[in-house]
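K.L.:
Would you mind keeping the following structure in view while I ask a few things?
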Amino acid sequence: RQSWRRASMKETNRRKSLPPFHQGITELSRSISVNLAESKRLGSLLLSSFQFSVQKLEPFLKDTKDFSLESFRAKVSSLSEELKHFTDRLESDGTLQKCFESPKEKTSDLCLETSVAEMKEYITKFSLERHTWEQLLMHYQKEAEEISRQSSETKITEFEMERMTYLGSSQSELLNTKPDYQKMIQNQDKVFDCMELVMDELQGSMKQLHAFMDESTQCLQKVSVQLGKRSLQQLDRSPARKLLKLQ
Amino acid sequence: ELRGQERALDEDTTVTIPAAVYVAQLYRRV
Amino acid sequence: DNLLKLIAEVKDKKQEVEVLTANIQDLKEEYAKKKETISAANKANEEKLKRLQKSADLYKDRLGLEIRKIYGDKLQFIFTNIDPKHPETPYMFSLRLNEARDYEVSDSAPYLEHLAEFQENVRKTNNFSAFLANVRKTFTTMVSK
Numbered sequence: 004r005q006s007w008r009r010a011s012m013k014e015t016n017r018r019k020s021l022p023p024f025h026q027g028i029t030e031l032s033r034s035i036s037v038n039l040a041e042s043k044r045l046g047s048l049l050l051s052s053f054q055f056s057v058q059k060l061e062p063f064l065k066d067t068k069d070f071s072l073e074s075f076r077a078k079v080s081s082l083s084e085e086l087k088h089f090t091d092r093l094e095s096d097g098t099l100q101k102c103f104e105s106p107k108e109k110t111s112d113l114c115l116e117t118s119v120a121e122m123k124e125y126i127t128k129f130s131l132e133r134h135t136w137e138q139l140l141m142h143y144q145k146e147a148e149e150i151s152r153q154s155s156e157t158k159i160t161e162f163e164m165e166r167m168t169y170l171g172s173s174q175s176e177l178l179n180t181k182p183d184y185q186k187m188i189q190n191q192d193k194v195f196d197c198m199e200l201v202m203d204e205l206q207g208s209m210k211q212l213h214a215f216m217d218e219s220t221q222c223l224q225k226v227s228v229q230l231g232k233r234s235l236q237q238l239d240r241s242p243a244r245k246l247l248k249l250q
Numbered sequence: 097e098l099r100g101q102e103r104a105l106d107e108d109t110t111v112t113i114p115a116a117v118y119v120a121q122l123y124r125r126v
Numbered sequence: 198d199n200l201l202k203l204i205a206e207v208k209d210k211k212q213e214v215e216v217l218t219a220n221i222q223d224l225k226e227e228y229a230k231k232k233e234t235i236s237a238a239n240k241a242n243e244e245k246l247k248r249l250q251k252s253a254d255l256y257k258d259r260l261g262l263e264i265r266k267i268y269g270d271k272l273q274f275i276f277t278n279i280d281p282k283h284p285e286t287p288y289m290f291s292l293r294l295n296e297a298r299d300y301e302v303s304d305s306a307p308y309l310e311h312l313a314e315f316q317e318n319v320r321k322t323n324n325f326s327a328f329l330a331n332v333r334k335t336f337t338t339m340v341s342k
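So the protein sequences, as listed, match chains A, B and C.
Here the first sequence stands for residues 4 to 250, numbered as in this note's numbering.
Here the second sequence stands for residues 97 to 126, numbered as in this note's numbering.
Here the third sequence stands for residues 198 to 342, numbered as in this note's numbering.
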């Protein structure tokens, strides 16, 4: 992003180099003596990095449940021993030394070299392009600043234009004779008010009718139940039998 | 004629109407 | 003497005529009263029968069921609206009281498989409603198959 591009910033705003992530880490390297061989220094750095990590971890773990400081430190101690053995082994078998040696393979891998050369070329090209874009951006920024300064100084003068000359379109006649729909709708306001009243009345009547219908239904149901009860009292227990017996 | 009418009335009262009543009652039960 | 006898006879006859006339009058009055009573009773019965017939028609129409008393002291139950394609087609069976005064079903048209089972149920429960409902259901199932 532009804000991150130090080259695009002005002198006063230009950001300095990023600070190291942890200051303690650089101290780790400095505490190792430069008189030691390179491989030994690397081995020491590995060990001291482990020690440093443990040191940073301990305060966080102290607050966790069921944490035992003694067992943690015992584990750390045993792991340090293991790591020491491991680094010694790496040193003795020459693995650490290989990290500092330049490749003995003098015979060049043509493909690799070509690719590397190509990459370097692209990098140069993109750097030049980037520089050109930056210059273009700065140019437009200056122009934009200039325009905004000018616009704030300029006054806006209003003047009315002749409609006819302004429109000058083929549809101007049609547009000019367009009816005023807003007015037409406003004129219908009274009608709408009346309609609203009528609708309200109708709604009220419908509600009344519904209420009457419900009442009538309930009344009829009651009467039906009453009549049913009455007729039930007079029923014979076995009308079929009586009917069959009747000569 | 009167006796005939009496007989018819008697039949209605003792048979026809009760039968119709039983039928109606049976329908009601059903 | 003969004349006196004749006069006496005529007097008797006249009295007899009066009595007979009175009797005839009484009989006429009695006849009129009876006729009136019978007429009123007939009218009342007619009204009652009319109402009963109306209710029977209503039930017949609503239930799709006609109940008839037929020859042989049997009740015939005739169902309609069984077959949706031919709603007027009648489906029926008959019911009578046997010697043991129990319900006995017979003459089903068409033949109903479970009629005997329904007969047993109605003998136990006397529930005619369920009995006829089951018969109708069976008829409709037959038709749908």
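Backbone N, C-alpha and C fix where the C-beta goes; we use that ideal spot for every residue, glycine too.
Taking the runs of the beta strand (DSSP E) that are 3 residues or longer, which of them lie wholly in the stretch 282-323 of chain C?
P.N.:
Listed in chain order, they are 288-294, 300-306.
K.L.:
Got a sec, what are the start and stop residues for the beta strand (DSSP E) E263 of chain C sits in?
P.N.:
By one-based count along the third sequence, residue 263 of chain C stands at place 66. Note, E263 of chain C: beta strand (DSSP E), 262-267.
K.L.:
Buried or exposed, going by whether 16 or more other CB atoms sit within 10 Å of the CB of T192 of chain A?
P.N.:
As a working mapping, residue 192 of chain A is identified with position 189 in the first sequence. In the sequence under discussion, the amino acid at residue 192 of chain A is Asp, which differs from the Thr named in the question. Burial call: exposed.
K.L.:
Following the continuous alpha helix (DSSP H) through Q153 of chain A, name the residue where it begins and the one where it ends.
P.N.:
Residue 153 of chain A sits at position 150 when you count from the first residue of the first sequence. Counting along the chain, the alpha helix (DSSP H) containing Q153 of chain A begins and ends at 113-156.
K.L.:
Along the chain, where does the alpha helix (DSSP H) that runs through K78 of chain A open and close?
P.N.:
Translated into positions along the first sequence, residue 78 of chain A becomes position 75. 72-95 is the extent of the alpha helix (DSSP H) around K78 of chain A.
K.L.:
Verify the CB distance criterion: does A115 of chain B have a CB-CB separation below 8 Å to chain A?
P.N.:
The residue you call residue 115 of chain B lines up with position 19 of the second sequence. For A115 of chain B, the answer is yes, since a Cβ of chain A falls inside 8 Å of its Cβ.
K.L.:
In the DSSP output, what is Q273 of chain C paired with across the bridge?
P.N.:
The sequence position of residue 273 of chain C within the third sequence is 76, counting from 1. C:R265, C:S291, per the DSSP bridge assignment.
K.L.:
Can you have a look at S118 of chain A and say buried or exposed, based on whether 16 or more other CB atoms are within 10 angstroms of its CB?
P.N.:
Looking up residue 118 of chain A in the first sequence gives position 115. S118 of chain A comes out exposed.
K.L.:
Taking its Cβ as the centre, do 16 or more other Cβ atoms sit within 10 Å of T335 of chain C, making it buried, or is it exposed?
P.N.:
For this step, residue 335 of chain C is matched to residue 138 along the third sequence. Buried, since its Cβ has 16 or more Cβ neighbours within 10 Å.
K.L.:
Using CA atoms only, rank isn't needed, just tell me which of A:V57, A:I126, A:D69, A:L49 is closest to D91 of chain A.
P.N.:
Indexing the first sequence from 1 puts residue 91 of chain A at position 88. Minimum Cα distance to D91 of chain A is reached at A:L49.
K.L.:
Anyone know if the C-beta pair for Y300 of chain C and V319 of chain C falls short of 8 Å?
P.N.:
Stepping through the third sequence from its first residue, residue 300 of chain C is reached at position 103. Stepping through the third sequence from its first residue, residue 319 of chain C is reached at position 122. Contact flag set, yes.
K.L.:
Could you spell out where the alpha helix (DSSP H) holding D106 of chain B opens and where it closes?
P.N.:
Position 10 of the second sequence holds residue 106 of chain B. First-last of the alpha helix (DSSP H) with D106 of chain B: 98-107.
K.L.:
Taking buried to mean at least 16 other C-beta atoms within 10 Å of its own C-beta, is E285 of chain C buried or exposed?
P.N.:
By 1-based counting over the third sequence, the position of residue 285 of chain C is 88. Per the 10 Å Cβ criterion, exposed.
K.L.:
Can you find a CB in chain B that lies within less than 8 Å of the CB of K232 of chain A?
P.N.:
Residue numbering aside, residue 232 of chain A sits at position 229 when the first sequence is read from its first letter. No, K232 of chain A lies away from the interface with chain B (no Cβ there is under 8 Å from its Cβ).
K.L.:
Restricting to Cα atoms, I'd like to know which of C:T337, C:F328, C:R248 is closest to E314 of chain C.
P.N.:
What you label residue 314 of chain C is simply residue 117 of the third sequence in a count that begins at 1. The residue with the shortest Cα to Cα distance from E314 of chain C is C:F328.
K.L.:
Report the neighbours of S227 of chain A on chain C: residues whose CB is nearer than 7 Å to its CB, in chain order.
P.N.:
As a working mapping, residue 227 of chain A is identified with position 224 in the first sequence. Simply none; closest approach about 14 Å.
K.L.:
Excluding five sequence neighbours on each side, which residues of the same chain lie with their C-beta closer than 8 Å to the C-beta of I267 of chain C?
P.N.:
Within the third sequence, the letter at position 70 stands for residue 267 of chain C. Contacts found: Q273, S291.
K.L.:
Which one of A:S42, A:S154, A:L139 has the shortest CA to CA distance from E104 of chain A?
P.N.:
On the first sequence, position 101 is the one that residue 104 of chain A refers to. When only C-alpha atoms are compared, the closest one is A:S42.
K.L.:
Quick one: what does DSSP say T180 of chain A is sitting in, helix, strand or coil?
P.N.:
The count along the first sequence starts at 1 and reaches residue 180 of chain A at position 177. In the structure shown, T180 of chain A sits in coil (DSSP, three-state: anything other than H, G, I, E or B).
K.L.:
Compute the Euclidean distance between the alpha carbons of I264 of chain C and I275 of chain C, then round it to the nearest angstrom.
P.N.:
Within the third sequence, the letter at position 67 stands for residue 264 of chain C. Within the third sequence, the letter at position 78 stands for residue 275 of chain C. Each residue's alpha carbon lies about 7 Å from the other.
K.L.:
Do the CB positions of R51 of chain A and L31 of chain A come within less than 8 Å of each other?
P.N.:
As a first step, residue 51 of chain A must be located in the first sequence, where it is residue number 48. As a first step, residue 31 of chain A must be located in the first sequence, where it is residue number 28. The question names Arg, but residue 51 of chain A is Ser in the sequence shown. Yes; because the gap between Cβ atoms is below 8 Å, this pair is in contact.
K.L.:
Assuming contact is defined by CB atoms lying nearer than 8 Å, are A116 of chain B and L246 of chain C in contact in what I supplied?
P.N.:
Looking up residue 116 of chain B in the second sequence gives position 20. Looking up residue 246 of chain C in the third sequence gives position 49. Against a cut-off of 8 Å, the Cβ pair of L246 of chain C and A116 of chain B comes out as a contact.
K.L.:
Quick one: using the 10 Å Cβ neighbour count with 16 as the cut-off for buried, is V37 of chain A buried or exposed?
P.N.:
The count along the first sequence starts at 1 and reaches residue 37 of chain A at position 34. V37 of chain A should be labelled exposed.
K.L.:
Mind reading off the beta-carbon distance from K271 of chain C to R298 of chain C? Whole number of angstroms is fine, and I expect it under 8 Å.
P.N.:
Counted from its first residue, the third sequence places residue 271 of chain C at position 74. Counted from its first residue, the third sequence places residue 298 of chain C at position 101. Between R298 of chain C and K271 of chain C the Cβ distance is about 15 Å, and since that is not below 8 Å, they are no contact.
K.L.:
Under 8 Å between beta-carbons, which chain B residues line up against Y228 of chain C? List them in chain order, please.
P.N.:
The residue labelled residue 228 of chain C in the question sits at position 31 within the third sequence. Per Cβ cutoff of 8 Å: L98.
K.L.:
In three-state DSSP terms, what is C102 of chain A?
P.N.:
In the first sequence, counting from the first residue as 1, residue 102 of chain A sits at position 99. Note: C102 of chain A maps to coil in three-state DSSP.
K.L.:
How about R124 of chain B and L238 of chain A: do their beta carbons lie closer than 8 Å?
P.N.:
Taking the second sequence and counting its residues from 1, the one referred to as residue 124 of chain B is at position 28. Taking the first sequence and counting its residues from 1, the one referred to as residue 238 of chain A is at position 235. Yes; because the gap between Cβ atoms is below 8 Å, this pair is in contact.
K.L.:
Could you spell out the range, first to last residue, of the alpha helix (DSSP H) harbouring T338 of chain C?
P.N.:
Translated into positions along the third sequence, residue 338 of chain C becomes position 141. Per DSSP, T338 of chain C belongs to the alpha helix (DSSP H) from 325-341.
K.L.:
Output needed for Q54 of chain A: all residues of its chain with C-beta closer than 8 Å, excluding positions within five of it in sequence on either side, in chain order.
P.N.:
Here residue 54 of chain A refers to the residue found at position 51 when the first sequence is read from its first residue. The answer, listed in chain order, is S83.
K.L.:
Listing by chain order, which chain C residues have their CB less than 9 Å from the CB of T110 of chain B?
P.N.:
Here residue 110 of chain B refers to the residue found at position 14 when the second sequence is read from its first residue. Those do not exist, as T110 of chain B stays about 11 Å from chain C at its closest Cβ, beyond 9 Å.
K.L.:
In terms of residue numbering, what span does the alpha helix (DSSP H) encompassing K43 of chain A cover?
P.N.:
Indexing the first sequence from 1 puts residue 43 of chain A at position 40. Where K43 of chain A is concerned, the enclosing alpha helix (DSSP H) stretches over 41-65.
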